[in-house]
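For the working numbering, add 1153 to where a residue sits in the sequence shown, where the first one is 1.
Note that CB positions come from ideal geometry on N, CA and C, so glycine has one too.
Everything numeric in this text was worked out from a predicted model, so none of it was measured.
A short write-up of the structure that comes next.
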Amino acid sequence: MEIRLKEGERLDDLQKNGYQVIQDSNRFCFGMDAVLLAGYTRVKPREKVLDLGTGTGIIPILLRGRTKGESFTGLEIQPESADMATRSVMLNHLEDSVRIVTGDIKAADQIFGYDSFHVVTCNPPYMIAEHGLKNPMEAKAIARHEILCTLEDVVSQTSKLLMPGGRFYLIHRPFRMAEIITCLCRYGLEPKKMRLVYPTVQQEPTMVLIEALKGGRPRVTVEKPLIIYQKPGIYTDEIYEIYGY
């Protein structure tokens, strides 16, 4: 089946298994944070995975190429983004294991049911509604600001969707760390691993990767820092490895 691009769309090479993803530069395009989250997420054989707010489906597609999970589902509220994600799945011939569902994160438990997944991932909007300048383009504003869902919406739904002992993988901003950990614990998702991401060794961290376990005991391991650039324009070896170069 031929997959046609719509006006303004482009194909981006994911550097993995020949996979490509359809994107529209007028909407929110995936960035390094999505790639880092996919690289941080552990999926065991035969596990079922859900990505909340999947956008153009980048995380389910990457996880399908990197892991031996049984199924990968992406939930996306914006129909245009969900359509691009669905066509990307078809373009890569992944219909047997990847599916895209159009729906609201706040209703995810009604869509999928309780205890439905071994792993849930999310690259959520980082900024609360009053933080920073909202992008005048609605699709980008929704991806960056908590307009249609909040951190608590994501965490509370994840707690319902995960099986007992299931794992939640999240990437977020360090300035909201206290709020993130408090929220995770409130909904029975115990932080187990945390890794801060630094642009360079001289700069402050700009992202944090977190693994939380549903029903886990209190104990968190702070992992070694992840450095993006070894010098201007040159990634560190670990970043090249994550990207699959």
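What residues in its chain sit with their C-beta under 7 Å from that of residue i, if we drop five residues either side in the sequence?
i: Tyr1388; result: Ile1381, Tyr1382
i: Ser1409; result: Residue 1409 lies beyond the residue range present for the chain, which begins at 1154 and ends at 1398; the question has no answer from this structure.
i: Ala1261; result: Leu1205, Leu1228, Gln1310, Leu1314
i: Thr1220; result: Val1196
i: Glu1371; result: Going by the sequence as given, residue 1371 is Pro instead of Glu. Contacts found: Glu1343.
Just the C-alpha distance for residue i and residue j, rounded to the nearest angstrom, thanks.
i: Leu1215; j: Ala1191; result: 6 Å
i: Gly1386; j: Met1330; result: 28 Å
i: Lys1259; j: Thr1194; result: 23 Å
i: Phe1181; j: Val1188; result: 15 Å
i: Thr1226; j: Leu1247; result: 11 Å
i: Cys1338; j: Pro1344; result: 8 Å
i: Pro1278; j: Glu1155; result: 33 Å
i: Glu1305; j: Cys1336; result: 7 Å
i: Val1251; j: Val1242; result: 7 Å
i: Pro1352; j: Gly1397; result: 19 Å
i: Tyr1172; j: Gly1266; result: 30 Å
i: Leu1158; j: Gly1210; result: 16 Å
i: Gln1168; j: Leu1379; result: 21 Å
i: Gly1184; j: Ile1395; result: 13 Å
i: Asp1390; j: Asp1268; result: 38 Å
i: Leu1203; j: Lys1377; result: 27 Å
i: Gln1263; j: Phe1321; result: 19 Å
i: Asp1249; j: Lys1384; result: 42 Å
Looking only at its own chain, which residues have a Cβ that is under 6 Å from the Cβ of residue i, when we skip the five neighbours before and after it?
i: Asn1170; result: Gly1218
i: Glu1160; result: none
i: Gly1319; result: His1271, Lys1367
i: Ile1392; result: Ile1381
i: Val1375; result: Met1347
i: Glu1332; result: none
i: Asn1276; result: Asp1186, Ala1187, Leu1190, Ile1324
Taking the alpha-carbon of residue i as reference, which of the options has the nearest alpha-carbon?
i: Val1373; options: Phe1265, Arg1348, Ala1261, Glu1332; result: Arg1348
i: Asp1165; options: Glu1391, Leu1244, Pro1352; result: Leu1244
i: Phe1328; options: Val1350, Pro1344, Tyr1322, Lys1345; result: Val1350
i: Glu1223; options: Pro1213, Tyr1396, Tyr1172; result: Pro1213
i: Ile1334; options: Pro1378, Glu1364, Gly1318; result: Glu1364
i: Gln1231; options: His1271, Glu1394, Gly1397, Cys1302; result: Cys1302
i: Leu1323; options: Leu1362, Val1242, Asp1268, Ser1250; result: Leu1362
i: Asn1317; options: Glu1332, Cys1275, Asn1276, Gly1369; result: The sequence shown places Pro at residue 1317, rather than the Asn named in the question. For the residues Glu1332, Cys1275, Asn1276, Gly1369, the minimum Cα distance to Pro1317 belongs to Gly1369.
i: Thr1274; options: Lys1377, Asp1249, Val1375, Gly1208; result: Gly1208
Ignore the nearest five residues each way along the sequence and tell me which others in residue i's own chain have a CB closer than 8 Å to its CB.
i: Arg1163; result: Ile1175, Gln1176, Asp1177, Ser1178
i: Met1360; result: Asp1186, Leu1189, Ile1324, His1325, Arg1326, Pro1327, Leu1349, Val1350
i: Arg1240; result: Ile1156, Ile1175
Specify whether the region 1192-1201 and the region 1172-1184 touch according to this definition: at least 3 beta carbon pairs, one from each stretch, less than 8 Å apart.
no
Within 8 Å, do at least three Cβ pairs link the region 1219-1239 to the region 1254-1270?
Here the region 1254-1270 lies against the region 1219-1239, with 3 or more beta-carbon pairs under 8 Å apart.
Three or more C-beta pairs under 8 Å: does that hold for the region 1302-1310 against the region 1344-1361?
no
Threshold first: 4 residues or longer. Then list the alpha helix (DSSP H) segments lying entirely within the region 1319-1346, N to C.
1330-1339
Could you pull out every unbroken beta strand (DSSP E) segment of at least 3 residues lying fully inside the region 1204-1272, listed in chain order?
1224-1229, 1251-1255
Where in the region 1173-1202 do unbroken runs of the alpha helix (DSSP H), each at least 4 residues long, occur, reported from the N-terminal end onward?
List check, alpha helix (DSSP H) in window: 1185-1193.
Taking the runs of the beta strand (DSSP E) that are 3 residues or longer, which of them lie wholly in the region 1344-1376?
1360-1367
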